[in-house]
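Below: one structure, written as structure tokens.
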């Protein structure tokens, strides 16, 4: 059938518009975490801008939770392209499933994964070591952790950071959770108090978790940083507007999104075939929430150091 729109373009001498290729995104974390953490929205916005400038469109963003209930499996069969950017924490088993449809894949996140796809990585393992080293340089010898699960790079880096400095690992100073959120940080501090925490500084797996810790500290009469130093990771905009302003690890999300998109487009155009790994640098942003440890042992709501808080039950 003759296409009248194409005929009119031909007569006017204009070039018919070229079909736009689609890029898909998978956010490999729970929807609850994604909604509340600017890390993901910031990364997706950077990817979308770079894709648009190169003639591509970010057609659809979906979550790994959909794979478990079967909805994503149907979506993958109907996807119009095999080009995918994965953002956030995910297991290698998930990649094996995705690779059956998406042949051109780039991963963006904290973890150096053992999968055969391109990766744009801000090394969470090394970043956590730097965080522990920074807190140690302030004089802290009892450094705790609040946040992500124990297989993730940031937690493993935290443990190795303690080991490198000859510091003790104490379970009473560790509270892990698979979902990173304000609630995770708030409940994490309560859990630590219930465990008899004696840490003078806490490193949190992301800024939302750290902000939750700050809020819980106020409820328990803990002054930050006079009684307890708190440090986060990501450097979201909110960090500059909480009190005290949050010390954190800055990661270049804008650049990571741009590079991930450019690497994917290069693979689409046949520019490379072997898996590429791009490591982007990070740095510590020093603000108000960290200082030297207190000279005297602190008390929590009038309880002696090491006593159990009554607000929650200790968790295994």
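In our numbering, the protein residues as written are 1 to 316. Ideal placement from N, C-alpha and C gives every residue a C-beta, glycine not left out. A quick note: this is a predicted structure, and the numbers were derived from the prediction, not measured.
Restricting attention to 171, 262, 53, the CA atom closest to the CA of residue 197 is found in 171.
With respect to the C-alpha of residue 259, the residue from 135, 47, 28, 21 having the closest C-alpha is 47. The straight-line gap separating the alpha-carbon atoms of residue 227 and residue 202 is approximately 11 Å.
Looking at the backbone, the Cα of residue 160 and that of residue 241 are separated by about 32 Å. Beta-bridge partners assigned by DSSP to residue 124: none are found. In the structure shown, residue 117 falls within a coil segment according to DSSP collapsed to helix, strand and coil. Closest in alpha carbon position to residue 182, among 284, 37, 263, is 37.
Residue 31 and residue 87 have their alpha carbons spaced roughly 13 Å apart.
Cβ contact annotation for residue 21 (same chain, cutoff 8 Å, sequence separation greater than five): 55, 56, 57, 81, 83, 268, in chain order.
According to the DSSP secondary-structure assignment, residue 283 is paired through a beta bridge with 250. For the 8 Å CB-CB criterion, residue 153 and residue 124 form a contact. The beta carbon of residue 256 is closer than 8 Å to those of 43, 46, 108, 120, 122, 280 in its chain, skipping five residues each way along the sequence. When secondary structure is reduced to three states using DSSP, residue 243 falls in the coil class, being assigned neither helix nor strand. The Cβ neighbour count for residue 91, taken over all protein chains shown within 10 Å, is under 16; the residue is labelled exposed. Rounded to whole angstroms, the gap between the alpha carbons of residue 245 and residue 207 is 11 Å. Ranked by how close their Cα comes to the Cα of residue 216, the residues 194, 105, 169, 96 have 194 in first place.
Under the 10 Å beta carbon count, residue 272 is surrounded by fewer than 16 other beta carbons and is classified as exposed.
Here residue 145 has 158, 174, 203 as same chain residues with Cβ atoms under 6 Å from its own Cβ, once five neighbours each way along the sequence are excluded.
Residue 248 places its beta carbon less than 8 Å from that of residue 285. For residue 222, the CB contacts under 6 Å within the same chain, skipping 5 residues up- and downstream, are 228 in chain order. For residue 100, the secondary structure class from DSSP, reduced to helix, strand or coil, is coil. In the three-state reduction of the DSSP assignment, residue 182 falls in the helix class, which pools H, G and I.
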